[in-house]
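Take a look at the structure below.
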Amino acid sequence: MSEPRSKAQHRRRRSRTALAVGVPLALTAAGTFTYGTDLGILGSSVRQASAAAPAWAADTADGFASVNSLGQNGTYGGRGGQVVTVTTQAELEKYATATQPYVIVVAGTIAMNPVGKEIKVQSDKTIVGRGTAGHIVGGGFFLGQGVHNVIIRNLTIRDAYQGIWNDKDHDFDAIQMDGAHHVWIDHNDLRHMADGLIDVRKDSTNVTVSWNRLSDNNKTFGIGWTENVKTDITIHHNWLRETEQRNPSTDNAAHAHLYNNFLEDAPGTAIKSAYGNYSRGGTKMVLENSLFQGVKNPVIKDSGAAVVQRGNSFSGTSGRNESGGSAFDPKTYYPYSLDKAADLPSILKAGAGPRASIGTTAAATKAAAATTLTVAQDGSGQYRTVQAAVNAVPANNPSRVVIAVKPGTYRELVKVPSNKPHVTIQGTGGSRKDTTIVYNNASGTPKPGGGTYGTGGSATVAVEADDFQARNLTISNDFDEKANQSLDGHQAVALRTAADKVFLDGIIVSGDQDTLLLDTASKDRLGRVYVSNSYVIGNVDFIFGRATAVVDKSVITLKKRWNGTSAGYITAPSTAANRKGILIANSTVNGDVSAGSFYLGRPWHAGGDASLDPQTTVRNTNLSSAVKSTPWTDMSGFSWKDDRFAEYANYGAGAGQASTNRPHLNDAQAANQEVGDWLAGWTPSAS
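Right, here's the structure in full:
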């Protein structure tokens, strides 16, 4: 969010309506990651689950399939839909092509008729094999334009091969997508098809392909078939063996992240590799910690494409092994951790492909068994970085995981994704100053792969998971405005939250412009945040966003600008209509700045959205002389008087009498603007 610039004036009139609280929360599934005989075969009939869905049905994707985009927040398939078990093609087709969500368990071998048939899967589906019994023979799946939120797991899809090695007449793929998005292909065995094993075509995006075995095929894995540079794809922990080409071939992908894949061309076999990973067209590829064994031309790139290699291993390879150009930093999009390339044969031979039960990684298993994960820079903890500990928390963890961070300064970016609720990050020092997480990105900071971070993307710590807590530490953004005056965009977020039931207890959040972004997962989602016994430090709009947020019993410290001047704004709410915005209560506003130099707030109509109804209430708070006598002001053509800004029972040198330019709540109004009204039935408690 930037300071006001000259913009067209936005005006609107609206009727005042009562605030609505108690918005229903999205259900969060949790549990272990295994499934077994509870989904058994009942002859050839469909078994519809009447009990609760098995725990694995709540699993969500990682990688680019987990990223919130195109109106889809991650990939969770048919979660929440009916669980059905199928054993015939008719049954599978019935539920896969339905418009409503389903979790479809394939509990036997289904031979496709006619050979080569690809079932047209619709959105919001999980299709999963029961143990190792789920086989699709002689056909596969097709995901058309706009199909989204699909999971295909734990299946064997095989044997559509028509006897012609370079077959141009039979487009019989295991999985083909044309214009789909948010797709997760995980723990499958794909082999011996007439054309591709996986085709990601025609601007399909937000795809993750993980823990699969791909083998015995000519054209293995193609990505592209478009002039647009749009596809975002993650390919990790796959075992490709005895495949000739497209391993994968990646054409015009905006972001292709390949890591921890094992490409094997064993000696003495009939199938010989033509090439391994191919970056074509305008592709930007990051290739990390993968193992190439016996592969000819293991890594190749076009002149206009990019390949950034890190940590890869090559054994018995020959021909082209290329890199060059600039790509992107995958960790700006999602968290991940790397296995050593040398360990991949044992890891993937044991873990790739269909499993009797879908298990967790070793790190996730370790985290699930632990109440507390420890972080220490000196190696005395389980992890050296905070993000590594977050990565180890299993997806959809059912109970609290405390990440205990030993004293030190951790210069890193931390993201807690939406599928990892109930996480606490807690400093273990004697003071909240002893443990600091800090970074220095700003809105205008160039990203490694091009473009800039933007305001939300600049955050040192980003929290997208519900029921998050932070305690006894400092979260800071130390972006140097003075040294970066040439950059367009000095907003530099220390902490961004976009979740519900976020408890920030006894912390310091420090920055300059846009320090603390209190957001929600989407405009129509409730996001409650409770900040208690904390310090928030900044100068411009440094407590802002659309969350329903309380700053209680805390100190708001005003800070001079980079050039030594005193001028600023404390809050910039972008509250949705009929929601509560920012409440500052029982707190202190002070700082080493000039008298009468800071506003309490101004209305942020993000993107010029006139439907918003920004709200800040400041009550029972000690205001220093730094607060202006007319403490509210307009922003970007929107008048604060059209929105909801008020005070109640404040005191100190900066407090003032009620007037048309300084509205106060009366006692009856104030009775409905207490902390409990904001929290709406949630009682934050340390855990």
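Taken in order, the sequence shown gives residues -18 to 668; the numbers are from the working numbering.
Using N, Cα and C, we set each Cβ at its ideal position, and we do this for glycine too.
Computed from a predicted structure; not experimentally measured.
Inter-stretch contact (C-beta, 8 Å, three-pair minimum) for the stretch 52 to 68 and the stretch 222 to 238 = No, because fewer than three Cβ pairs between the stretch 52 to 68 and the stretch 222 to 238 fall closer than 8 Å, the two stretches do not touch.
Is Val128 helix, strand or coil when you go by DSSP?
-> The answer is coil: DSSP assigns Val128 none of H, G, I, E or B.
Per DSSP, what kind of secondary structure is Ala385 in: helix, strand or coil?
-> Residue state, collapsed to three classes: strand.
Pairing CB atoms from the stretch 416 to 429 with CB atoms from the stretch 522 to 531, are three or more of them under 8 Å?
-> Verdict: no, contact absent.
Count the CB pairs spanning the stretch 491 to 501 and the stretch 41 to 50 that are closer than 8 Å, and state whether there are at least three.
-> Taking 8 Å as the limit for Cβ pairs, the verdict is that the stretch 41 to 50 does not touch the stretch 491 to 501.
Cβ-based neighbour list, Phe460, same chain, cut-off 6 Å, excluding 5 preceding and 5 following = Excluding positions up to five away in sequence, the list reads Asn421, Ala423, Ala473.
Helix, strand or coil at Gly589 according to DSSP, with G and I counted as helix | Gly589 sits in a helix when the DSSP states are folded into three classes.
How about Thr426: is its C-beta nearer than 8 Å to some C-beta of chain B?
-> No chain B is present in this structure, which holds just one protein chain.
Three-state secondary structure (DSSP) at Thr13?
-> Legend: pLDDT at Thr13 = 26, less than 50; position of this residue unreliable, no value from coordinates given.
Who pairs with Arg139 in a beta bridge, going by DSSP?
-> Its beta-bridge partners are Val118, Arg172.
Minimum C-alpha distance to Asn465 - residue among Gly437, Leu454, Thr426 = Comparing Cα positions, the closest option is Thr426.
Measure the alpha-carbon distance for Glu655 versus Val382 and round it to whole angstroms.
-> Glu655 and Val382: Cα-Cα distance of roughly 31 Å.
Exposed or buried, which one is Gln650 when buried takes at least 16 other CB atoms within 10 Å?
-> Label assigned to Gln650: exposed.
Test item: CB-CB of Asn670 and Gly285 under 8 Å = In the structure displayed, the chain extends from -18 to 668; residue 670 sits before or after that span and is not available.
To which residues does DSSP link Tyr420 through a beta bridge?
-> Tyr420 is bridged to Asn458.
Excluding five sequence neighbours on each side, which residues of the same chain lie with their C-beta closer than 6 Å to the C-beta of Glu628?
-> The answer, listed in chain order, is Val599, His645.
Mapping DSSP to helix, strand and coil, what is Ile328?
-> Judged by DSSP in its simplified three-state form, Ile328 adopts helix.
What are the partner residues of Tyr259, as DSSP defines its beta bridges?
-> When DSSP reads this structure, Tyr259 sits in a beta bridge with Ser230, Ile281.
Excluding sequence positions up to five away, which residues of its chain have a Cβ less than 7 Å from the Cβ of His403?
-> Answer for His403: Asn378, Ser380, Arg381, Val382, Asp448, listed in chain order.
Closest by CA to Gly121, which one among Asn94, Asp105, Val128, Ser104?
-> Cα-wise, what sits closest to Gly121 is Asn94.
Measure the beta-carbon distance from Leu124 to Ala161 and round it to whole angstroms, keeping in mind my assumption that it falls under 8 Å.
-> With a Cβ gap of about 4 Å, Leu124 and Ala161 count as contacting.
Compare the C-alpha of Gly435 against each of Val190, Ala558, Ser578, Tyr314 and name the closest.
-> Closest by C-alpha distance to Gly435, out of Val190, Ala558, Ser578, Tyr314, is Tyr314.
If you drop the 5 nearest sequence neighbours on each side, which residues of the same chain put their C-beta closer than 8 Å to that of Glu99?
-> Leaving aside the five residues that flank Glu99 on each side, the residues in its chain whose CB is nearer than 8 Å to its CB run, in chain order, Gly120, Gly121, Phe122, Phe123, Phe153, Asp154, Gln157.
In chain order, what residues of the same chain have a beta carbon less than 6 Å from the beta carbon of Gln143, not counting five sequence neighbours either side?
-> Around Gln143: His151, Ala175.
Pro82 in three-state terms, based on DSSP | Three-state result, Pro82: coil.
Are there 16 or more other CB atoms within 10 angstroms of the CB of Arg182, so buried, or fewer, so exposed?
-> Burial is judged here by how many other beta carbons sit within 10 angstroms of a residue's own beta carbon; Arg182 has at least 16 and is buried.
Which residues does DSSP pair with Phe202 in a beta bridge?
-> Ile179, per the DSSP bridge assignment.
What's the gap between the Cα of Arg291 and the Cα of Asp623?
-> Distance from the CA of Arg291 to the CA of Asp623, rounded to the nearest whole angstrom, comes to 54 Å.
Name the DSSP bridge partner or partners of Phe45?
-> Under DSSP, no beta-bridge partner is assigned to Phe45.
Report the rounded CA-to-CA distance for Asn631 versus Ala639, giving the unit in angstroms.
-> Taken atom to atom, the span from the alpha-carbon of Asn631 to that of Ala639 is near 11 Å.
Grouping DSSP H, G and I as helix and E and B as strand, with all else coil, what is Pro427?
-> The three-state reading of DSSP puts Pro427 in strand, counting E and B together.
Please work out which residues of its chain come closer than 7 Å, Cβ to Cβ, to Gly300, disregarding the five sequence neighbours upstream and downstream, and give them in chain order.
-> Same-chain partners within the cutoff: Lys277, Asn278.
DSSP state of Lys75, grouped into three classes?
-> In the displayed model, Lys75 falls within a helix according to three-state DSSP.
Going by C-alpha distance, which of Asn642, Lys253, Arg222, Thr215 is nearest Glu269?
-> Of Asn642, Lys253, Arg222, Thr215, the residue nearest in Cα terms is Thr215.
Boundaries of the alpha helix (DSSP H) in which Asn372 is found, first to last residue = Per DSSP, Asn372 is one residue of the alpha helix (DSSP H) stretching across 367 to 373.
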